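**Student:** The sequence shown lines up with residues 1 to 268 when you count with my numbering.
Questions regarding the structure given below will be posed in turn.
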Amino acid sequence: MAVSTIIDTHCHLDYIQRQEDHPEGAAGTDPAQVLERAKAAGVEFLVNPSVTPARFAEIIALAERFENVYAAVAVHPTDVTDILDNERWLDEIEALLSHPKVVAIGETGLDYYWDTTHADLQKRCFKGLLELGRKHNLPVIVHDRDAHEDVAQMIDEVPGVRGIMHCFSGDAAFARRMIEKNFYISFAGNVTFKKAENLHEAARETPLEWILAETDSPFLSPLPFRGKPNEPARVKHVVEKIAELKGISYQEVAEATTRNARNVFNLL
Ligand SMILES: [Zn+2]
Ligand SMILES: [Zn+2]
1 MAVSTIIDTH CHLDYIQRQE DHPEGAAGTD PAQVLERAKA AGVEFLVNPS VTPARFAEII
61 ALAERFENVY AAVAVHPTDV TDILDNERWL DEIEALLSHP KVVAIGETGL DYYWDTTHAD
121 LQKRCFKGLL ELGRKHNLPV IVHDRDAHED VAQMIDEVPG VRGIMHCFSG DAAFARRMIE
181 KNFYISFAGN VTFKKAENLH EAARETPLEW ILAETDSPFL SPLPFRGKPN EPARVKHVVE
241 KIAELKGISY QEVAEATTRN ARNVFNLL
């Protein structure tokens, strides 16, 4: 039987190819090999979000080099100090939006787990990018760590914006709330963890037409690879877990998440 098509809506290929950034100390990996393995697992395309303007050129180059790699541009909430000396950061991002391989604004959002000292700057950055997403009708890839309330409130302040809750970490009720705001729920490797009961419940209760799958690789490897460097091929374990939780077939989840990803990134 043919391998079902799946999509990795969020992976950091730039980190994967850089030896120095590997969280678990793995060697830098040739992205061509990583993409070969992803292809064998059924991954049709993947989206590489950026975390800082310093990486935009690298991410665009990867998207230009590989046909099935797309890019997103933004500033990660834990990297916001990178824009302190750069008044033109928002213009730089806006200028990249016309690139044919740029399909989203991301990643941006709020992270109160790693950094609360720059909460105001995180908010200013997030607000600017939500407004940019609305202006260009592009999805905004939202990073939300320990910041559910503020994230929801800020999205409410920009009516009409749409996007993705990446590496979803809330419960079923929060997922429902975000869907009402036109945000897809993207599950990552942590949904496979045995004690992630809130996430299991969220995956069970979230309608299939609002679910996406991602790896956030090289971070957050799913079971049975927890603690090891992650890569896009492993998105299949996320899809598998969602199917198991919902009590439906792998193929059904693969088809729905592929359709949803094509929709949200306008890759029809
Ligand atoms: Zn993130
Ligand atoms: Zn990420």
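Where a beta carbon is used, it is the ideal one built from N, C-alpha and C, also for glycine.
The model shown is predicted, which means the values in this text are computed figures rather than measured ones.
Going by beta carbon distance, what residues of the same chain come within less than 6 Å of residue 147, once the five residues before and after it are set aside?
**Tutor:** Here residue 147 refers to the residue found at position 147 when the sequence shown is read from its first residue. 110 and 112.
**Student:** I need the straight-line Cα distance from residue 162 to residue 183, nearest angstrom please.
**Tutor:** Looking up residue 162 in the sequence shown gives position 162. Looking up residue 183 in the sequence shown gives position 183. If I take the Cα positions, the gap works out to 6 Å.
**Student:** Does the segment 53-67 come within contact of the segment 121-128, defined as at least 3 CB pairs closer than 8 Å?
**Tutor:** No, the segment 53-67 is not in contact with the segment 121-128.
**Student:** Taking 6 Å as the limit, name every residue whose beta carbon sits nearer than that to some heavy atom of ligand 2, in sequence order.
**Tutor:** Qualifying residues, in the order they occur: 10, 12, 49, 107 and 216.
**Student:** May I have the straight-line CA-CA distance separating residue 106 from residue 138, to the nearest angstrom?
**Tutor:** The residue given as residue 106 occupies position 106 in the sequence shown. The residue given as residue 138 occupies position 138 in the sequence shown. Straight-line Cα distance between these residues: approximately 10 Å.
**Student:** Identify every run of the alpha helix (DSSP H) within the segment 134-177, keeping only runs that are complete inside it and at least 4 residues long; order them along the chain.
**Tutor:** Taking only runs of at least 4 residues, the alpha helix (DSSP H) segments lying wholly in the segment 134-177 are 148-156.
**Student:** Tell me whether the beta-carbon of residue 256 lies closer than 8 Å to the beta-carbon of residue 208.
**Tutor:** As a first step, residue 256 must be located in the sequence shown, where it is residue number 256. As a first step, residue 208 must be located in the sequence shown, where it is residue number 208. Cβ atoms of residue 256 and residue 208: closer than 8 Å.
**Student:** Beta carbon of residue 6, beta carbon of residue 43: below 8 Å?
**Tutor:** Indexing the sequence shown from 1 puts residue 6 at position 6. Indexing the sequence shown from 1 puts residue 43 at position 43. Yes, these two residues count as a Cβ contact at 8 Å.
**Student:** Would you mind reading off the limits of the beta strand (DSSP E) that contains residue 184?
**Tutor:** In the sequence shown, counting from the first residue as 1, residue 184 sits at position 184. Here the beta strand (DSSP E) through residue 184 covers 183-187.
**Student:** Short of 6 Å in beta carbon distance, which residues of its chain neighbour residue 205, apart from the five on each side in sequence? Order them along the chain.
**Tutor:** In the sequence shown, the residue the question calls residue 205 occupies position 205. Only 172 meet the Cβ criterion.
**Student:** What is the rounded straight-line gap between the Cα of residue 176 and the Cα of residue 167?
**Tutor:** Indexing the sequence shown from 1 puts residue 176 at position 176. Indexing the sequence shown from 1 puts residue 167 at position 167. C-alpha separation (whole angstroms): 15 Å.
**Student:** Within the present structure, is the beta-carbon of residue 166 separated from the nearest heavy atom of ligand 1 by less than 7 Å?
**Tutor:** Mapped onto the sequence shown, residue 166 falls at position 166. Yes, Cβ of residue 166 sits closer than 7 Å to a heavy atom of ligand 1.
**Student:** Which term fits residue 238, buried or exposed, when burial requires 16 or more other beta carbons within 10 angstroms of its beta carbon?
**Tutor:** One-based indexing of the sequence shown puts residue 238 at position 238. By the neighbour-count rule (16 or more Cβ atoms within 10 Å), residue 238 is buried.
**Student:** Between the segment 191-206 and the segment 228-248, do three or more beta carbon pairs fall short of 8 Å?
**Tutor:** With a cut-off of 8 Å, the segment 228-248 and the segment 191-206 count as touching, because enough Cβ pairs lie within range.
**Student:** By a C-beta neighbour count over all protein chains shown, 10 Å radius and 16 as the cutoff for buried, is residue 265 buried or exposed?
**Tutor:** Numbered from its first residue, the sequence shown carries residue 265 at position 265. Buried.
**Student:** Can you tell me the Cα-Cα spacing of residue 2 and residue 252, whole angstroms?
**Tutor:** Within the sequence shown, numbered from 1, the residue matching residue 2 stands at position 2. Within the sequence shown, numbered from 1, the residue matching residue 252 stands at position 252. Rounded to the nearest angstrom, the two C-alpha atoms are 14 Å apart.
**Student:** Looking at residue 164 and residue 97, is the spacing between their C-beta atoms short of 8 Å?
**Tutor:** Sequence index remark: in the sequence shown, residue 97 carries index 97 (1-based). Sequence index remark: in the sequence shown, residue 164 carries index 164 (1-based). No, Cβ-Cβ distance for residue 97 and residue 164 is not below 8 Å.
**Student:** Thinking just about the alpha-carbon of each residue, which of 159, 178 and 72 is nearest to the one in residue 131?
**Tutor:** On the sequence shown, position 131 is the one that residue 131 refers to. When only C-alpha atoms are compared, the closest one is 159.
**Student:** Shorter than 7 Å, the distance from the beta carbon of residue 143 to the closest heavy atom of ligand 1, or not?
**Tutor:** Your numbering for residue 143 matches position 143 in the sequence shown. Correct: residue 143 has its Cβ closer than 7 Å to ligand 1.
**Student:** For residue 150, which residues of its own chain have a beta-carbon under 6 Å away from its beta-carbon, when the five flanking residues on both sides are left out?
**Tutor:** Numbered from 1 along the sequence shown, position 150 holds the residue referred to as residue 150. Same-chain partners within the cutoff: 110.
**Student:** According to the neighbour-count rule (16 or more other Cβ atoms, all chains shown, within 10 Å of its Cβ), is residue 249 buried or exposed?
**Tutor:** Your numbering for residue 249 matches position 249 in the sequence shown. Exposed: under 16 other Cβ atoms inside 10 Å.
**Student:** Using three-state DSSP, classify residue 214 as helix, strand or coil.
**Tutor:** For the purposes of this step, residue 214 is taken as the residue at position 214 of the sequence shown. Looking at residue 214 - three-state DSSP - the assignment turns out to be coil, as it is neither helix nor strand.
**Student:** Leaving aside the five residues before and after residue 258 along the sequence, list all residues of the same chain whose C-beta is less than 7 Å from its C-beta, in chain order.
**Tutor:** As a first step, residue 258 must be located in the sequence shown, where it is residue number 258. Taken in chain order, the residues that qualify are 5, 6, 7 and 44.
**Student:** Could you pull the start and end residues of the beta strand (DSSP E) that residue 105 belongs to?
**Tutor:** Position 105 of the sequence shown, counting from 1, holds the residue named residue 105. Residue 105 -> beta strand (DSSP E) spans 102-111.
**Student:** At which residues does the alpha helix (DSSP H) containing residue 56 begin and terminate?
**Tutor:** Residue 56 sits at position 56 when you count from the first residue of the sequence shown. 56-65 is the extent of the alpha helix (DSSP H) around residue 56.
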